[in-house]
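Q:
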Amino acid sequence: MPPPRPPTDAPSESPPREWFDEPDRDTGETGLRFGCTLCGNCCSGPPGYVLFTEAEGRAIAGRLGITEAEFLERFTEDTHHGRSIIDIDTGRGYDCVFLDRTTMPGKAVCSIYEDRPEQCRTWPFWNKLLRSRDDWVRAKATCPGLDQGRHYTPVEIRVIRSGGTPDD
Ligand code: SF4
Ligand code: SF4
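Heads up, the sequence shown is in the working numbering, so the first residue is 898 and it goes up one at a time.
#1: In this structure, how does DSSP classify PHE995 when only helix, strand and coil are distinguished?
#2: Is ALA1027 near ligand 2, judged by its Cβ being under 7 Å from some heavy atom?
#3: Please report the residue range of the alpha helix (DSSP H) in which ARG1035 lies.
#4: Given the structure, does CYS940 come close to ligand 4, in the sense that its CB is under 7 Å from one of the ligand's heavy atoms?
#5: Excluding sequence positions up to five away, which residues of its chain have a Cβ less than 7 Å from the Cβ of THR973?
#6: Less than 7 Å between the CB of GLY945 and some heavy atom of ligand 2, yes or no?
#7: Quick one: what does DSSP say CYS1040 is sitting in, helix, strand or coil?
#8: For GLU974, which of helix, strand or coil comes out of DSSP?
#9: Check TYR946 in the structure and name its three-state DSSP category.
#10: Provide the residue span of the beta strand (DSSP E) that contains ILE985, from first to last.
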């Protein structure tokens, strides 16, 4: 027999408070700011991995106008984390194969942006950046978009984070 359901008007449990729930010392804002500068750093750097689900793989293949099998063969590889989109040593870092540094001079854009995997959609609201303010600040060395641009409320941050990242 299933456990009884709580009454619908029972107060919902709030999540434990985290550092980004506290007002910022300088601005008084809760939450965080993020605005991408299109530097491309998060899609490059040391060899990494970009994981994707089967549905995401199908969507990317559809965007590229190729079969799923061709997508897997040409653009992905097995890693110890699972199947990953490949990266390429460009001399300035291991760029994700879908990072486009030519279309917008001086900028780096994702050529499959609308169909990029969840791992990419949830950046920079990954657990490893959200563990502490220090972790967030350290990540500024990679991502110049942190602490500027659009404001994200603590609720929005939790929703995006819940998309999950491989660095949980
Ligand atoms: S899929 Fe797009 S957003 Fe994700 S790492 Fe590659 S270029 Fe960057
Ligand atoms: S590192 Fe940050 S600013 Fe640069 S492309 Fe990635 S999200 Fe945008």
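Glycine is no exception: its CB is placed at the ideal position from the N, C-alpha and C atoms. Fair warning: this is a prediction, and the values are worked out from it, not measured in the lab.
A: Let me spell this out:
#1: coil
#2: Rather than Ala, the amino acid found at residue 1027 in this sequence is Leu. No, Cβ of LEU1027 sits at least 7 Å from all heavy atoms of ligand 2.
#3: 1030-1035
#4: Inclusion of ligand 4 in the displayed structure is not the case, the ligand content consisting of ligand 1 and ligand 2 alone.
#5: ARG980, SER981, ILE982 and ILE983
#6: no
#7: coil
#8: strand
#9: coil
#10: 984-986
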